[in-house]
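Student: The opening position of the sequence shown corresponds to residue 368 in this note's numbering, with each subsequent residue numbered one higher.
Ideal Cβ positions, reconstructed from N, Cα and C, are used throughout, including at glycine.
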Amino acid sequence: MYPGAAEGGGCLVPSRRKSGGGVPGLAADPERSRAEAARRAGVKVRRYCAANGLDRLGTLTYAGAGCHDPIQVRADVGSFFRHLRATLGGAPFPYLWVPEWHPGGHGLHLHYAMGRYVPRGQIDQAWGRGHVHIKRLSGVPATASALRQGREAARYLSKYVTKGFASGDRALGLHRYEVAEGFQPKGVRLIGRTSGEVLGKAVALMGGAPGAQWWSQNAPAWEGPPAYWFSWDRSPAVVAS
368 MYPGAAEGGG
378 CLVPSRRKSG
388 GGVPGLAADP
398 ERSRAEAARR
408 AGVKVRRYCA
418 ANGLDRLGTL
428 TYAGAGCHDP
438 IQVRADVGSF
448 FRHLRATLGG
458 APFPYLWVPE
468 WHPGGHGLHL
478 HYAMGRYVPR
488 GQIDQAWGRG
498 HVHIKRLSGV
508 PATASALRQG
518 REAARYLSKY
528 VTKGFASGDR
538 ALGLHRYEVA
548 EGFQPKGVRL
558 IGRTSGEVLG
568 KAVALMGGAP
578 GAQWWSQNAP
588 AWEGPPAYWF
598 SWDRSPAVVA
608 S
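1. If you compare alpha carbons, which of GLY375, HIS542, GLY472, ARG560 is closest to LEU463?
2. Do ARG449 and PHE460 have their C-beta atoms within less than 8 Å of each other?
3. Can you grab the Cα-Cα spacing for the pair MET573 / PRO508, in whole Å?
4. Closer than 8 Å is the cut-off here; do at least three beta carbon pairs connect the segment 429-442 with the segment 514-528?
5. Rounding to the nearest angstrom, what Cα-Cα distance links HIS469 and GLY567 in this structure?
6. Let's see if you can read the secondary structure: which residues bound the alpha helix (DSSP H) around ILE438?
7. Less than 8 Å between the C-beta atoms of HIS476 and THR428, yes or no?
8. Using a Cβ distance threshold of 8 Å, determine whether the segment 410-419 contacts the segment 543-551, with at least three qualifying pairs required.
9. Just list the residues that DSSP pairs TRP425 with in beta bridges.
10. Label PRO592 either buried or exposed according to how many other C-beta atoms from any shown protein chain fall within 10 Å of its C-beta, with 16 as the threshold for buried.
11. Taking the alpha-carbon of PHE447 as reference, which of GLY578, GLN580, ARG496 has the nearest alpha-carbon?
12. How big is the Cα-Cα spacing for SER598 and CYS378?
13. Enumerate, from N- to C-terminal direction, the unbroken alpha helix (DSSP H) stretches of 4 or more residues contained entirely within the segment 541-608.
14. How long is the line joining the alpha carbons of THR426 and SER525, rounded to whole angstroms?
15. Answer yes or no: do ARG414 and TYR369 have a C-beta to C-beta separation smaller than 8 Å?
16. With PRO437 and PRO466 assumed to form a contact (beta carbons below 8 Å), what rounded beta-carbon distance in angstroms separates them?
17. Nearest to ARG560 by alpha carbon, out of GLU374, GLY376, GLY375, PRO381?
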């Protein structure tokens, strides 16, 4: 369970595990393995954005011929967020960014999400390498919860994370997305003899029934162990540790 992100999932674990593990066929099927890795990355992006209420989306581009060096891009983005943090008083804040190769051959540009308002002029000054763009999420009511807005931002950014897995455009040793340290949602482990018992514990923890559920038994293409996933429309006010 990730109470801060208002979601959780699990699977049936046999009392005596057989040797091996994972989903059958992944190692022998690189395409399927990439798809599963992209799915896991998308889940992490969703949890991070939802838990931190990241509701402002931005893009950073390079002027001139652009930047084609993934390592230099990461150094530049690190400098951008350090500069922005100093401008805003020095306190750390959550953010997530994803690199994308420009389809027109202009090199890399960056998509990012934040959860606070920053004047456009301060963003321009902090970047200083080209154009910037920042906007609130469209298609989401202004009265929507931070949780919902964070999930919408994650849906947008996950497209670029998934695109990176599909294209294979990643320098060795570099992550497909980056986040601010210290803001990862904390997990809570719930154990029960049945999925119903686990769900009951989750409902007690979250203070109500989930708004959405998924069960592998209803997914004909599912090939892993019996699994389930739940999400809530709000985070609990207080989560016991």
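Tutor: Answer, in terms of the structure:
1. HIS542
2. Going by C-beta atoms, ARG449 is not nearer than 8 Å to PHE460.
3. 24 Å
4. no
5. Using only the alpha carbons, I get a separation of about 47 Å.
6. 437-454
7. yes
8. yes
9. The question names Trp, but residue 425 is Gly in the sequence shown. Partner(s): TYR479, ILE501.
10. exposed
11. ARG496
12. 15 Å
13. 562-573
14. 14 Å
15. yes
16. 7 Å
17. PRO381
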